[in-house]
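Student: Just dropping this structure here.
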Amino acid sequence: MHARSFIALGVLAGAAVFASSSLYVVNETQRAIRLQFGEVVESDIEAGLHWKIPVYNTVRLFDTRVQTLDARPSRYLTGDRKGVIVDSFVKWKIEDTTRYYEATAGDEQSAMRLIAPRVDESLRNEFGRRTLVEIVSEQRDELMIRPIEELNEALLREMGVSILDMRVKQIDLPTEVSNSVYERMRTERQREAREYRAQGQEQAERIRAAADRNREVILATAQRDAEILRGEGDAVAANIYAEAFNQDSQFYSFLRSMQAYREAFSSKEDIMVVSPKSEFFRYLETSEGRR
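Numbering (the UniProt record's numbering), first residue to last: 1 to 291.
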């Protein structure tokens, strides 16, 4: 019984080893190929549990999720012979596992090394067909349409990978060019600033002249109205004085003399040199003004 237990355990262990070497799992994000002595006998194996013949078969798994190739900044010449520094990236994924394996031996770094120069060549050709103005304008999205289509068709045929997207992250001018461009831009902006200042100064002078003219007109109008009102007031006052004088000339003369005394003697510091017998003091002697 003890020997049979050992035999059973040995059989189970052998079965476990055979199963572990015969079965393999492909995840949802993967595709696989099955090789027979290095030759592909089954490709694009989908996710799930699969079996193989140990030693006789080997399995290679590939990540079929979208990959990113961040290309190094490169210098390109535009159609109008202007140099630009372009920083770009590419989105790609495996479509044909057999071709991908045959082209790269399943090594992702090898795939990157094969894709990078093709991307560089495609962008170089496209930039050479367009001017700098077209490249930096809103047509940048259209700039990538042809390279994506051409590159996708070529790499799908050669490597079994598809190019999903290609984008330009940044476009810079070379240092020796950007300095002169910035200087030109600065000069242009300064010229525009001087023009705006001159226009503003001209408008300010025009507004100031109009304001001065309106001020003179308002002052002249006010002065005219004041003289008219003052003349009308003097006329009314003279009329009142005349009526008062006609009603009682003696009282009118007395009232006017009292007003003259009040104004003459309002300040204690003033000194008057007037004869006491003068006409000015006649109401100080008698209330009737007689001497």
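Every residue, glycine too, gets a C-beta built ideally from N, C-alpha and C.
It should be emphasised that the depicted structure is a prediction, and the values quoted were computed from it without experimental measurement.
Measuring CA to CA, which of G160, D87, D70 is closest to G106?
Tutor: As a first step, residue 106 is located in the sequence shown; it is residue number 106 there, counting from the start. Checking every option, the nearest Cα to that of G106 belongs to G160.
Student: State the start and end residues of the unbroken beta strand (DSSP E) segment that holds R113.
Tutor: Translated into positions along the sequence shown, residue 113 becomes position 113. Careful: R113 lies outside any beta strand (DSSP E), inside the alpha helix (DSSP H) at 108 to 128.
Student: Would you please state the rounded distance, in angstroms, between the beta carbons of V119 and L156? I believe it to be under 8 angstroms.
Tutor: Against the sequence shown, residue 119 aligns to sequence position 119. Against the sequence shown, residue 156 aligns to sequence position 156. Actually they do not touch by this definition, with Cβ atoms about 14 angstroms apart.
Student: Quick check on A198: does DSSP put it in helix, strand or coil?
Tutor: Counting from 1 along the sequence shown, the entry for residue 198 is found at position 198. Of the three classes helix, strand and coil, the one that applies to A198 here is helix, per DSSP.
Student: Check for me: the alpha helix (DSSP H) holding Y100 runs from which residue to which?
Tutor: Counted from its first residue, the sequence shown places residue 100 at position 100. From DSSP, the alpha helix (DSSP H) with Y100 extends over 97 to 104.
Student: Counting along the chain, where does the alpha helix (DSSP H) carrying E28 start and finish?
Tutor: Counting from one through the sequence shown, the residue named residue 28 turns up at place 28. Where E28 is concerned, there is no enclosing alpha helix (DSSP H), given that its DSSP letter is neither H nor E.
Student: Ignore the nearest five residues each way along the sequence and tell me which others in N27's own chain have a CB closer than 7 angstroms to its CB.
Tutor: Start at 1 with the first residue of the sequence shown, and residue 27 comes out as number 27. Closer than 7 angstroms at Cβ, skipping near neighbours: A47.
Student: For R124 and L23, I'd like the C-alpha separation in whole angstroms.
Tutor: As a first step, residue 124 is located in the sequence shown; it is residue number 124 there, counting from the start. As a first step, residue 23 is located in the sequence shown; it is residue number 23 there, counting from the start. If I take the Cα positions, the gap works out to 48 angstroms.
Student: Name the residue from T131, D234, M166, A260 whose alpha carbon lies nearest to the alpha carbon of I148.
Tutor: Start at 1 with the first residue of the sequence shown, and residue 148 comes out as number 148. The candidate whose alpha carbon is nearest that of I148 is M166.
Student: Go to I145, then tell me how far its alpha helix (DSSP H) extends in each direction, as first and last residue.
Tutor: Reading the sequence shown from its first residue, position 145 is the one you call residue 145. Run containing I145: 145 to 158, per the alpha helix (DSSP H) assignment.
Student: Return the first residue and the last residue of the alpha helix (DSSP H) that I135 is part of.
Tutor: By 1-based counting over the sequence shown, the position of residue 135 is 135. Looking at the DSSP string, the run of the alpha helix (DSSP H) that includes I135 is 132 to 136.
Student: Alpha carbon to alpha carbon, what distance is there between Q109 and V68?
Tutor: The residue labelled residue 68 in the question sits at position 68 within the sequence shown. The residue labelled residue 109 in the question sits at position 109 within the sequence shown. Contrary to the premise, residue 68 reads as Thr rather than Val in this sequence. Near 12 angstroms, if we compare the C-alpha coordinates of Q109 and T68.
Student: Mind checking E126: buried by the 16 CB within 10 Å criterion, or exposed?
Tutor: As a position in the sequence shown, residue 126 is number 126, starting the count at 1. The residue in question, E126, is buried, as its Cβ has 16 or more Cβ neighbours within 10 Å.
Student: Since V86 is in the beta strand (DSSP E), which residue starts that stretch and which ends it?
Tutor: By 1-based counting over the sequence shown, the position of residue 86 is 86. From DSSP, the beta strand (DSSP E) with V86 extends over 83 to 94.
Student: How long is the line joining the alpha carbons of G200 and A210, rounded to whole angstroms?
Tutor: Along the sequence shown, read from residue 1 onward, the residue named residue 200 stands at position 200. Along the sequence shown, read from residue 1 onward, the residue named residue 210 stands at position 210. Spanning the two alpha carbons is a distance of roughly 15 angstroms.
Student: Could you give the DSSP three-state label for L173: helix, strand or coil?
Tutor: Within the sequence shown, residue 173 is the residue found at index 173, counting from 1. Here L173 sits in coil by DSSP.
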